[in-house]
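Chains as they are written, first to last, in my numbering: chain A, 381 to 761; chain B, 62 to 911; chain C, 2 to 230.
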């Protein structure tokens, strides 16, 4: 028996959540295709399951893991730039099919974890916070109609006109924004079925609101700015994680000023290759989208940044090309250090875009998420 | 011859002391034993107290954690929605808690079940952290109903291992629970704190206690007043936020009072011990007068003599204290159980798994053990230093000065007693002040004892002549004449005997008051209640089906219902009892009333309150005062219309009408029921049939009136077990004092006895003489102890008890304690006379004359 | 005021009385004497004549009602209790009739007492005490306890203790009172011999005429006054 700090619970709970994301050590699914067993009665993502809205805006207890990701880039009148991230993760501890119905209002079968981060580009500062809660309507949960997801006072709610209101505050950092979707919901992969490995069960259901006109306020330690800009929302649910040979991913959501949006991810394998199941989506200004396969795009790191916190060696500048769209862009973090060091470590931050599309210069902002670069936390469990 | 050469390299006086000690081994042993016993009692009580105290603090701390405030709403609890509201408004340092008494059926050792939300709880309590194998057990604990955590010690004490299912009883309902994992303590103190806990997820606790939408309280960590105001603004009416720690609850105050009492009693034992040391030191000085005279003649200064005597006292103190501390540690281990048992019975569920030896207890023992002998030796040392440098001092001179001392000491005693009385008359609620006064009075009596002894002996001279002839007269005269030797011994024995009388009279008074009160207040024939700790009233509800069954019972004439709970008031958290017959039939139960007797029922129905005497005393409430109750419908200022006697709870109770209660709290629960039977129905038969009928519904205590009364006395007697033990110890110390005094007295009289033997006194007669003398001393002690002990009893009852617990006790004097005291005094004296008498039987006349 | 003389001990007009119940007994009524350095003086007198009282006053053990005692020019009556004690410690040797010795100390330790009180080193003490014990004929009894000695031997120890620190003045109160005649004589002889040898002034209180034999001068205590014989 080892003694643990108070973080023990938090870490352990996180380990459970992190399973689906990156902790390959705890994945018990075998690599063979079609052989992944149903995990303690959880449902797997399936190609024939269609996303249905607004039902699918809510939580999916039949799936083990789920998250709602809100990221965005906003500025105030004078052009001061901020990036924000507000994420809600849900992790079931027991499948609903276990059949136990509990009377207690605080009874809970799942854990919610929240991450909230703010990048102050001009101040070259990145703030981030983490929270946990039991899944019980009183304290943390999600609702389909009208959509809401909350963990204590980190909350997303939807008004009758479809405008989403997101609020989060911690340690003197606050966001209070209203997001009006101008595109989406937009299903990725095969009508929302996003395969992540050769086993068809190794997949998630995944949709986004790639453009949400955003307006509201940002507060940093007592200074408040009225801001506007664009946000991006992802919602994904699954019962499987990375395959044994997958060590992490590089994921991008990019909003170009020509009205196009890109979602791209590379799954990296332990041989240093890019997994063939890496993919992406390109969306035109009208909201029409096209799925990009592994070979339809390239992401080339052109610079690196070594984290002073974890000594993780992250790429920190990329050249991204989508030849079929005649697109080549440079993607640069607005500041290098946007690493989140909490229960698990990853880099998630605001990026700036410049380049050419169909021969015309394009620019824009987006978000990148880089996992599996810092020393794995798995070893410490 | 070896001991005679002790300490050849030591300074002169120490060498002399050492050799004196070595050549008088019995006296030396007695003196050391006196210090040792005194120190042992103090250390033992301190260890017991502090172990219980630590356990109490650790377990309350473990339960309260780092919370600064607690949000609660009386009996109906805090709705989860209110907690949710706090969290949604960004109050993050808030953790829901359910806390209940739970008794594993395997052990019957009461434990505290604490239900927490592991996530919300992290900032509050450390022990919610779990060891390895965590992720699985966490899943189980968190998501599976009926799973709990135990410390590994508690688990092994219960004989359960991870995965096992065992049964716990909460509010008379049995629930199977399974052990999800073991809690690993981070520190020894945490281990102790965890010993009395069952930890589970808040949802499991909700299910076990049947409160689906509420929790008992919400723990809060608030930085400042602004935080507090912010939260209060978020709350609907009827909720109260109380600071943790500062008020620390009525149970804590009562435990402190109880422990203060114990501690003071242990000091009383030390006081007796001090007298013994004083007595023995005085003796050894008196015996060495010629030696001191010689030394002075040779040129040893007064200061040197004084320092020498003090050094000797320190030597005795060091040896006695060392032995005493060792003895105290051993004694302490066994007294912990007694103390803990009492606390468990009366106040709080406490598990003391480990006895700790607090350094402070040792320090106190050291302090008292080293200082007391020094203090006690100061007077004899001064005496010695003032001894004129003569080749020979006449004994009559010594005794003349002793008579002076006796007279002066009596004046001093009078002064002390007056001072003590003045202190006791001061209207202070501080228990230590009261004890200070008590000690002064008792000490005063002890100082006056020598003079009283002298008078008594003068008075008894003729009586002894009639009874025992001339020799008897000699015995009485001798005691009177040898006051320097006898008076402190008599004083010490008197002190012990009067303490015994005082405590015994107090206990019998208490017991008889309780008996009368029970007689008056227990009107029911059969009582039903949810099992709880010893004397504490359960606040868990009786199943409504049981109440319905009782209401329909044919044999029943009347059913009294009681709801006991705790509520918040503007004066802190108090116990509240609501009854459908809150007004008493028997007027003797009221201490005072502000309305006419026939208006009480109506007053209570309109929401007025009765408060019990201890509560009135503790919160300083009087008739006509308003107590604001935090009810579910907001604060309700309620007028106090009467104060009633109640010896069931020392924390005090507010009594109100059940209907009035139900209109203010959304709570229909009943925690106790009293059934009055139709005439001619057999109580035993009905009791049995009720017990059988309710058993399948709920585990309840169904007791006939007689049984309930017996149970009350059992708890009472248990509570005084430790007090009795202390009386015995104090008496033992005094017996030692008498023994040493007599030994010295007989040594003094060797020559005299030699002459008597030479002129034809038989050995038997000589031994009888010794016995007679000691019996005279014992009798003197007992006679003086009668008024002193009675006074002590009055003070204990009227001042100490009232200040500590707020009870009015009827003084109840019966012959028993006094006869016991006489037996004690004479017994102690006789035992003490055995050795000298035995010596007298053995010794050769020539040796006596040598 | 008489001019300073060579007298070691000056007793001047001493008065002393005791309370006895409700009566007062006048013991000394103006006793005066001068005793020279090295002189051996015997004071004779009947029981209760005040001899011991006089000796106690000389030794500073008791205080006179009036009058003065001065030794080597120091007025004892002007000293406080502690100074008198210290003066006694350094300048006087005393031999009593009873209770001379301390039961719990060995013969050696008893004799060493005055040196020890003075703070002499243990080497010095060892030599001095051994020599003196040898001299009084108890060289082999140093380790014995007083209760193992005969009365005569005990007084020899007492004499040794009185002289060990070479006091200016030795006071002896009936040193032979408790002994048979023969032993008494030998003790007196020893005392006289040693006093002369060390040139010590000796004041000897006795009621026996034989004691006077070793004295240079004999005074008699009568009616509270000292009179030459």
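Just so it is clear, CB atoms sit at the ideal spot from N, CA and C, and this is done for glycine as well.
Residue environment for residue 601 of chain A: exposed (fewer than 16 other C-beta atoms within 10 angstroms of its C-beta).
Ranking B:764, B:78, B:719 by CA distance to the CA of residue 353 of chain B puts B:78 first. In terms of beta-carbon proximity, residue 206 of chain B lines the interface with chain A, with at least one pair separated by less than 8 Å. Distances from the CA of residue 452 of chain A to each of A:732, A:694, A:752 were compared; the closest alpha carbon is that of A:732. Distance from the CA of residue 464 of chain A to the CA of residue 523 of chain A, rounded to the nearest whole angstrom, comes to 23 Å.
Residues of the same chain with a CB within less than 6 Å of the CB of residue 494 of chain A, apart from the 5 flanking positions on each side, are 468, 511, 531, 534 in chain order.
For residue 201 of chain C, same chain residues with a beta-carbon under 6 Å away, outside a window of 5 residues either side, are 171 in chain order. The C-alpha of residue 456 of chain A lies about 12 Å from the C-alpha of residue 599 of chain A. The residue among B:748, B:688, B:677 with its C-alpha nearest the C-alpha of residue 713 of chain B is B:677. Between residue 97 of chain B and residue 392 of chain B, the C-beta spacing is not below 8 Å.
Around the Cβ of residue 754 of chain A, a 10 Å sphere holds 16 or more other Cβ atoms; the residue is buried. Every unbroken stretch of the beta strand (DSSP E) spanning 3 or more residues and falling wholly within the segment 204-249 of chain B is given here in chain order: 208-212, 226-231, 234-244. Neighbours of residue 512 of chain A in chain B, taken as residues whose beta carbon is under 7 Å from its own, are 180 in chain order. Taking a cut-off of 8 Å on C-beta distances, the segment 695-714 of chain A touches the segment 675-682 of chain A, as three or more cross pairs fall below it.
DSSP lists A:455, A:595 as the bridge partner or partners of residue 608 of chain A.
Under the 8 Å criterion on CB atoms, residue 141 of chain C is classed as non-interfacial with respect to chain B. Per the Cβ contact rule, the segment 737-754 of chain B is not in contact with the segment 139-152 of chain B (fewer than 3 Cβ pairs under 8 Å). Residue 356 of chain B and residue 372 of chain B have their alpha carbons spaced roughly 16 Å apart. Annotation note: the segment 62-112 of chain C contains the following uninterrupted alpha helix (DSSP H) runs of length 4 or greater, listed N- to C-terminal: 82-92. In its chain, beyond the 5 residues on either side, 103, 104, 107 have a beta carbon closer than 8 Å to the beta carbon of residue 425 of chain B. Pairing residue 560 of chain B with residue 853 of chain B gives a Cβ-Cβ distance under 8 Å. By the criterion of a C-beta distance shorter than 6 Å, residue 871 of chain B is surrounded in its chain by 574, once the five residues flanking it on both sides are discounted. With a threshold of 16 other beta carbon atoms within 10 Å, residue 673 of chain A falls short and is exposed. Membership of residue 27 of chain C in any alpha helix (DSSP H) is not indicated; the residue belongs instead to the beta strand (DSSP E) covering 24-37. The secondary-structure analysis by DSSP pairs residue 734 of chain B across a beta bridge with B:589, B:622. Residue 17 of chain C has its alpha-carbon roughly 16 Å from the corresponding atom of residue 79 of chain C. Of all residues in the segment 463-489 of chain A, only 473, 474, 480, 482, 483, 484, 485, 486, 487, 488, 489 come within less than 8 Å of chain B when Cβ atoms are compared, listed by chain position. The contact set of residue 153 of chain B on chain A, defined by CB atoms closer than 9 Å, consists of 511, 532, 533, 550 in chain order. Looking at the backbone, the Cα of residue 851 of chain B and that of residue 507 of chain B are separated by about 14 Å. Shown in chain order are the members of the segment 51-80 of chain C whose Cβ falls below 9 Å from a Cβ of chain B: 53, 57, 60, 61, 62, 63. Close to residue 114 of chain C, with beta-carbon spacing below 7 Å, are these residues of chain B in chain order: 359. Chain-order list of chain A residues neighbouring residue 618 of chain B: empty, with the shortest C-beta distance near 39 Å, by a criterion of under 7 Å. The closest CA to that of residue 434 of chain B, considering only B:710, B:705, B:99, B:155, is found on B:99.
Along the segment 465-478 of chain B, there is no position whose C-beta sits under 8 Å from a C-beta of chain C.
With a threshold of 8 Å between beta carbons, residue 348 of chain B makes no contact with chain C. Taking C-beta atoms under 8 Å as the contact rule, residue 894 of chain B and residue 832 of chain B qualify, at a distance of about 5 Å.
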